[in-house]
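Okay, so here's the structure we're looking at.
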Amino acid sequence: MRHSSGFRAFRAIGLLVFAAYFFIPLLAMFDFSTQVRGSAEGRTWDNWAFMVTDEDLRSSIVASLLLAVFTVVLMVVLLVPTMVWVRLRVPRARALIEFLCLLPLTIPALVIVVGITNVYSWVTYLLGDSALVLTFAYVVLVLPYSYRAIDASLSGIDAATLSEAARSLGAGWFTVIVRIIMPNITGGILGAAFIAVALVLGEYVFASLLHFDTLPVAMAALYKSNGPAAMAAALASMILVAVLLVGLTFLSRDRHKQGASS
Amino acid sequence: MVGAFQDENGALTLGNLDALTSEAALTALKGSLILSASTAIIGALLGALLAYLIVSMPPQSLMRRSTLAVSGVLAQFGGVVLAFAWIATIGPVGVLTKAMDDLVGANIYGSGWLFGLPGLVVVYCYFQIPLMVIVFAPAFEGLRPQWREAAVNLGASTWDYWRHVALPLLLPAFLGALLLLFANAFAAYATAAVLVSQGQPIVPLMIRQAITSEVLLGQANVGFALALEMIVVVTLVMVAYNVLLRRTARWMR
Chain A
1207 MRHSSGFRAF
1217 RAIGLLVFAA
1227 YFFIPLLAMF
1237 DFSTQVRGSA
1247 EGRTWDNWAF
1257 MVTDEDLRSS
1267 IVASLLLAVF
1277 TVVLMVVLLV
1287 PTMVWVRLRV
1297 PRARALIEFL
1307 CLLPLTIPAL
1317 VIVVGITNVY
1327 SWVTYLLGDS
1337 ALVLTFAYVV
1347 LVLPYSYRAI
1357 DASLSGIDAA
1367 TLSEAARSLG
1377 AGWFTVIVRI
1387 IMPNITGGIL
1397 GAAFIAVALV
1407 LGEYVFASLL
1417 HFDTLPVAMA
1427 ALYKSNGPAA
1437 MAAALASMIL
1447 VAVLLVGLTF
1457 LSRDRHKQGA
1467 SS
Chain B
148 MVGAFQDENG
158 ALTLGNLDAL
168 TSEAALTALK
178 GSLILSASTA
188 IIGALLGALL
198 AYLIVSMPPQ
208 SLMRRSTLAV
218 SGVLAQFGGV
228 VLAFAWIATI
238 GPVGVLTKAM
248 DDLVGANIYG
258 SGWLFGLPGL
268 VVVYCYFQIP
278 LMVIVFAPAF
288 EGLRPQWREA
298 AVNLGASTWD
308 YWRHVALPLL
318 LPAFLGALLL
328 LFANAFAAYA
338 TAAVLVSQGQ
348 PIVPLMIRQA
358 ITSEVLLGQA
368 NVGFALALEM
378 IVVVTLVMVA
388 YNVLLRRTAR
398 WMR
C-alpha cells in the first residue's frame, strides 16, 4: 500500500512521541543509577558494584536466580509428562487441564496470595522458611504461559505416532517422554522456560506478602535507604528479562520459518 | 490451589461482607474502577493508534518487527522496576522534573500527584499501551486490502471506508481488548504497592493493609472478602470478554 507523505510524517512523529514516552523512564533510571549519593556532582559506577558487594542484595539475587531455576525444572517435570499423557491417553481430560492451567491468568495474583497464606504457613512449617519454597507458588503462576508454549509445539509434532513407534521398539514411558518427545519440543520448552524466568525475576506480589526476600522485595526495601543502588539493580534485572524475552521472539520466529519451509 | 479458595469461602460465611459496604472499601472500589477504566480507555485508544502506525509499515521492515518485539517486552514489564523508572523520571528529584524546572521553570512534580491516583494512571498506561498493541495488531492485520479496494471501487472515500467498513469490523475486537486491559489494570498490584505508601486508594492496596496490618487484628477475613469482590469483578469482565471474542471470531477466519 502506498502512503501519502503527510501520513508518513504523521507516522514518524507519532512513533517518536511513543518512543519518548517509553524510553525516557528507562534512560532516567540509568541516569539515576550512575549518580553519586546525596546529589553530589559527577558520575560513578559504585551503585552497580553495590549489587555484588552488598550482602543482603547479593543473597536476594542468588535466591531469585535459584528460584527461577527450580521453578523451570519443576514446571517441566510436572507439565511435560502430564501434557503428553493427556494428549495420548485421555484426550477427554484436555479441556479440563487447559482450564486449570489458564485459571491463574484470570484470577488476580493478589487473590491467589490471600487464598494461599494458610497453605504456606504449613509449607514453611514443614520445609523451613527459605525463599525457595516459593517455587510451588511460582509454578502455578507460570502455568498459563508455559502451557501455551508447550501446547503449541506439542501440536506441531505427531506425538501419537512417535510414541507408538518407540513403544513398539520396546521403550518404556519414561524413555518415550524423555528421549523421544522432549527433544522434539525443545523449542516450546525453551520458550516456556524463558518466560518463566522472566516472570519469576520480576514477581513481587507473592514474595512481599508472604515475607520472603527475593530480588524485587529487596529492591523495594533498598530503595528507601539507597535509591541509586536500587535503581541499578532494577535496571539490571530489567535488561536481563528484556534480553530473555527478545530472545524468545527470535526463537518463535525461527520456528515459524521452519514450519513454513517444511 | 482450588482448595485454598474454598477455605476462604468458608470464612466468608461467618459474615465479613459487611466490611465491603464500609466507607473505605467503597472508596477503594471506586478508585480501582476509575483507575482501571481510565487506563483501559487511554491505553486502548493510544495502543490502537500505535498498532495502526506499526501495521501500516511494510511487513518485512526492521522497524515494524522491532517495535512489535519491544511491545512484547514492555507489556510484561511491570512491578517494582516500573515504579522505580517513573520515580526516576518525574519523582521529586526525577530527571524530567529537574529538566523542566531548569528549562521553563515549571514544577511538574507539583504536590506529589505521582504517588496518588493520577500518577497511577500515567504509570499503568506504560504497560497498558504495549499490551493493546500486541492484542490489537492482529485485528488490523486481519483487515484485508481487498475490502478497502472493494469499498473504493464502489465510490467510497477514505472517511466512508473507515466509518462504514473498518470501524464496525474492528469494534468487537476493540471492545474485547478494552475489557482485557481493564482486567489487567484491576489485578495489577506490585507497581501500586511500591508507589503508594500512604492510604489505600485502590482495592489491591486495601487487601494488603487488611492482611498485613499489625494494628488491627482479625482483619484477615476482611481481606478475604475484598479478594472475593475482586474475583467477582474480574469474572464479570472475563465473561463479557468471552462473549465478545465469539463475535469477533466470525470475522477472523
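Sequences listed follow chains A and B, in order. So the first sequence is residues 1207 to 1468, counted in this note's numbering. So the second sequence is residues 148 to 400, counted in this note's numbering. Just so it is clear, CB atoms sit at the ideal spot from N, CA and C, and this is done for glycine as well.
Can you say whether residue i is buried or exposed, counting buried as having 16 or more other CB atoms within 10 angstroms of its CB?
i: residue 1223 of chain A; result: exposed
i: residue 1321 of chain A; result: buried
i: residue 173 of chain B; result: exposed
i: residue 1357 of chain A; result: buried
i: residue 394 of chain B; result: exposed
i: residue 1418 of chain A; result: buried
i: residue 1456 of chain A; result: exposed
i: residue 1467 of chain A; result: Only weak support is given to the placement of residue 1467 of chain A: the predicted model assigns it a pLDDT of 38, under 50, and the value that follows is read from those uncertain coordinates. Exposed is the call here.
i: residue 1378 of chain A; result: exposed
i: residue 1302 of chain A; result: exposed
i: residue 379 of chain B; result: exposed
i: residue 1375 of chain A; result: exposed
i: residue 218 of chain B; result: buried
i: residue 1305 of chain A; result: exposed
i: residue 160 of chain B; result: Here the model assigns residue 160 of chain B a pLDDT of 48, short of 50, so the residue's position is not dependable, and the following value carries that caveat. Exposed is the call here.
i: residue 1367 of chain A; result: exposed
i: residue 282 of chain B; result: buried
i: residue 1210 of chain A; result: exposed
i: residue 1465 of chain A; result: Below a pLDDT of 50, predicted positions are generally treated as unreliable, and residue 1465 of chain A, at 44, falls in that range; the measurement from the model is reported next regardless. Its Cβ having fewer than 16 others within 10 Å, residue 1465 of chain A is exposed.
Hey, how far is the Cα of residue i from the Cα of residue j?
i: residue 1283 of chain A; j: residue 1381 of chain A; result: 14 angstroms
i: residue 1316 of chain A; j: residue 197 of chain B; result: 31 angstroms
i: residue 1394 of chain A; j: residue 232 of chain B; result: 32 angstroms
i: residue 1431 of chain A; j: residue 239 of chain B; result: 16 angstroms
i: residue 289 of chain B; j: residue 1365 of chain A; result: 32 angstroms
i: residue 329 of chain B; j: residue 1386 of chain A; result: 43 angstroms
i: residue 311 of chain B; j: residue 193 of chain B; result: 22 angstroms
i: residue 215 of chain B; j: residue 1288 of chain A; result: 33 angstroms
i: residue 1254 of chain A; j: residue 1422 of chain A; result: 16 angstroms
i: residue 1271 of chain A; j: residue 292 of chain B; result: 48 angstroms
i: residue 156 of chain B; j: residue 1318 of chain A; result: Here the model assigns residue 156 of chain B a pLDDT of 46, short of 50, so the residue's position is not dependable, and the following value carries that caveat. So the alpha carbons of these two residues sit roughly 13 angstroms apart.
i: residue 1332 of chain A; j: residue 1323 of chain A; result: 14 angstroms
i: residue 356 of chain B; j: residue 1454 of chain A; result: 37 angstroms
i: residue 1215 of chain A; j: residue 384 of chain B; result: 38 angstroms
i: residue 230 of chain B; j: residue 265 of chain B; result: 14 angstroms
i: residue 177 of chain B; j: residue 377 of chain B; result: 12 angstroms
Going by C-alpha distance, which of the options is nearest residue i?
i: residue 1227 of chain A; options: B:273, B:183, B:314 and B:211; result: B:273
i: residue 227 of chain B; options: A:1426, A:1445, A:1455 and A:1402; result: A:1426
i: residue 1441 of chain A; options: A:1216, A:1419 and A:1237; result: A:1237
i: residue 1344 of chain A; options: A:1406, A:1324 and A:1233; result: A:1406
i: residue 1396 of chain A; options: A:1286, A:1433, A:1229 and A:1259; result: A:1286
i: residue 1230 of chain A; options: B:248, B:242, B:209 and B:179; result: B:242
i: residue 1264 of chain A; options: A:1306, A:1278, A:1436 and A:1319; result: A:1436
i: residue 204 of chain B; options: A:1378, A:1333, A:1221 and A:1453; result: A:1221
i: residue 1218 of chain A; options: B:199, B:265 and B:191; result: B:199
i: residue 1307 of chain A; options: A:1354, A:1271 and A:1327; result: A:1354
i: residue 1232 of chain A; options: A:1454, A:1363 and A:1444; result: A:1444
i: residue 335 of chain B; options: A:1454, A:1211 and A:1408; result: A:1408
i: residue 1391 of chain A; options: A:1212, A:1363, A:1327 and A:1371; result: A:1363
i: residue 1474 of chain A; options: A:1312, A:1266, A:1293 and A:1367; result: Residue 1474 of chain A lies beyond the range of chain A shown here (1207 to 1468); nothing can be said about it.
i: residue 1361 of chain A; options: A:1293, A:1389, A:1342 and A:1338; result: A:1293
Would you call the CB atoms of residue i and residue j closer than 9 angstroms?
i: residue 1349 of chain A; j: residue 1310 of chain A; result: yes
i: residue 1428 of chain A; j: residue 1439 of chain A; result: yes
i: residue 1290 of chain A; j: residue 1383 of chain A; result: yes
i: residue 1400 of chain A; j: residue 1340 of chain A; result: no
i: residue 382 of chain B; j: residue 1235 of chain A; result: no
i: residue 1281 of chain A; j: residue 1352 of chain A; result: yes
i: residue 1402 of chain A; j: residue 1278 of chain A; result: yes
i: residue 332 of chain B; j: residue 354 of chain B; result: no
i: residue 270 of chain B; j: residue 1410 of chain A; result: no
i: residue 179 of chain B; j: residue 351 of chain B; result: yes
i: residue 280 of chain B; j: residue 201 of chain B; result: yes
i: residue 286 of chain B; j: residue 317 of chain B; result: yes
i: residue 390 of chain B; j: residue 263 of chain B; result: no
i: residue 250 of chain B; j: residue 338 of chain B; result: no
i: residue 1434 of chain A; j: residue 1240 of chain A; result: yes
i: residue 1273 of chain A; j: residue 1347 of chain A; result: no
When Cβ atoms are compared, which residues of the region 314-344 of chain B fall closer than 8 angstroms to chain C?
-> Here chain C cannot be found, since the structure's protein chains are A and B.
Mind the definition here: the region 184-197 of chain B touches the region 315-329 of chain B only if three or more C-beta pairs lie below 8 angstroms; say whether that holds.
-> yes
Is it true that the region 1406-1425 of chain A meets the region 1292-1299 of chain A, where meeting means three or more beta-carbon pairs spaced less than 8 angstroms apart?
-> no
Does the region 264-282 of chain B touch the region 207-223 of chain B, meaning 3 or more C-beta pairs lie closer than 8 angstroms?
-> yes
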